[in-house]
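Q: In the numbering used here, the protein residues as written are 32 to 120.
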């Protein structure tokens with residue numbers, strides 16, 4: 032499944048954790064994309080032979096693009112305990 036991340040579902044993935052770029056100023060050389068846990072991102076370009084830990088993505092809500100760390104991404108939003116309705120018999 033990890034190999035399919037960023038390919039299946041038309042490249043749609045979800046942030047599993049909050050990510051804030053290392054340099055949050057308006058530095059034009061900073062091309063990392065901030066996102067929050069649960070945000071939808073579309074992978075536009077996966078890594079290459081020189082770099083496979085950072086992928087180029089587009090944030091589906093704010094329509095910005097930038098590099099994101101692939102280990103912060105998942106095929107589905109993270110489910111937290113208590114967030115699903117409990118069923119009792």
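Glycine included, every Cβ here is placed at the ideal spot set by N, Cα and C.
Could you check the C-alpha separation between residue 77 and residue 101 for me, to the nearest Å?
A: Working through the chain shown from its first residue, we reach residue 77 at position 46. Working through the chain shown from its first residue, we reach residue 101 at position 70. Distance between the alpha carbons of residue 77 and residue 101: 9 Å.
Q: With a cut-off of 8 Å on the beta carbons, I'd call residue 40 and residue 106 a contact; round off their distance for me.
A: Here residue 40 refers to the residue found at position 9 of the chain shown. Here residue 106 refers to the residue found at position 75 of the chain shown. 7 Å between Cβ atoms; contact.
Q: Report the CB separation of residue 70 from residue 42 in whole angstroms; it is logged as a contact under 8 Å.
A: As a working mapping, residue 70 is identified with position 39 in the chain shown. As a working mapping, residue 42 is identified with position 11 in the chain shown. Not really, about 14 Å apart at Cβ, beyond 8 Å.
Q: For residue 44, collect the residues of the same chain with a Cβ closer than 8 Å to its Cβ; drop the 5 residues on either side in sequence, then sort them by chain order.
A: Position 13 of the chain shown holds residue 44. So the list reads 36, 37, 71, 72, 73, 74, 88, 104, 105, 106, once near-sequence residues are dropped.
Q: Tell me which same chain residues have a C-beta within less than 6 Å of the C-beta of residue 49, skipping the five on either side of it?
A: For this step, residue 49 is matched to residue 18 along the chain shown. Closer than 6 Å at Cβ, skipping near neighbours: 67, 68.
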